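S.K.: Dropping the structure in here first, questions after.
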Ligand SMILES: [Zn+2]
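Numbering (the working numbering), first residue to last: 9 to 115.
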């Protein structure tokens, strides 16, 4: 996968935005592993399984290019995702991204 550098920070600063849910954009089926989302000031978003801003493994994840749509359903963010662009890692980092708490403390 290609990695676009952050136009603001060079390395994206992905701020935790809390819980989310995700569905396959083609089938509408839930993707139960994508449960949290992050956003950089440049607009780049990441959805993932773990909580890497606390140092945990990322698990399943996708980046901005996989997000086909989104909405706020009763206060919960719901993303439509291209399931072919969901990856997995046992690491707590992805090259080109840092993960940060909601008050901006980045790992
Ligand atoms: Zn960025």
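Heads up, the beta-carbon is just placed ideally off N, CA and C, and yes, glycines get one too. A quick note: this is a predicted structure, and the numbers were derived from the prediction, not measured.
(1) Note the first and the last residue of the continuous beta strand (DSSP E) segment covering residue 107.
(2) As a quick exercise: from 77, 18 and 81, pick the residue whose alpha carbon is nearest that of residue 50.
(3) Have a look at the DSSP bridge pairing and note the partners of residue 55.
(4) Could you give the distance in angstroms between the alpha-carbon of residue 65 and the alpha-carbon of residue 54?
(5) Could you tell me which residues DSSP pairs with residue 89 in its beta bridges?
(6) Ligand 1 and residue 20: does any heavy atom of the ligand fall closer than 8 Å to the residue's C-beta?
(7) Is any heavy atom of ligand 1 found at a distance shorter than 8 Å from the C-beta of residue 15?
(8) What is the C-beta distance between residue 45 and residue 25, in whole angstroms, given that I count them as a contact (C-beta under 8 Å)?
M.R.: Answer, in terms of the structure:
(1) 105-108
(2) 18
(3) 45 and 70
(4) 14 Å
(5) 32 and 75
(6) yes
(7) yes
(8) 5 Å
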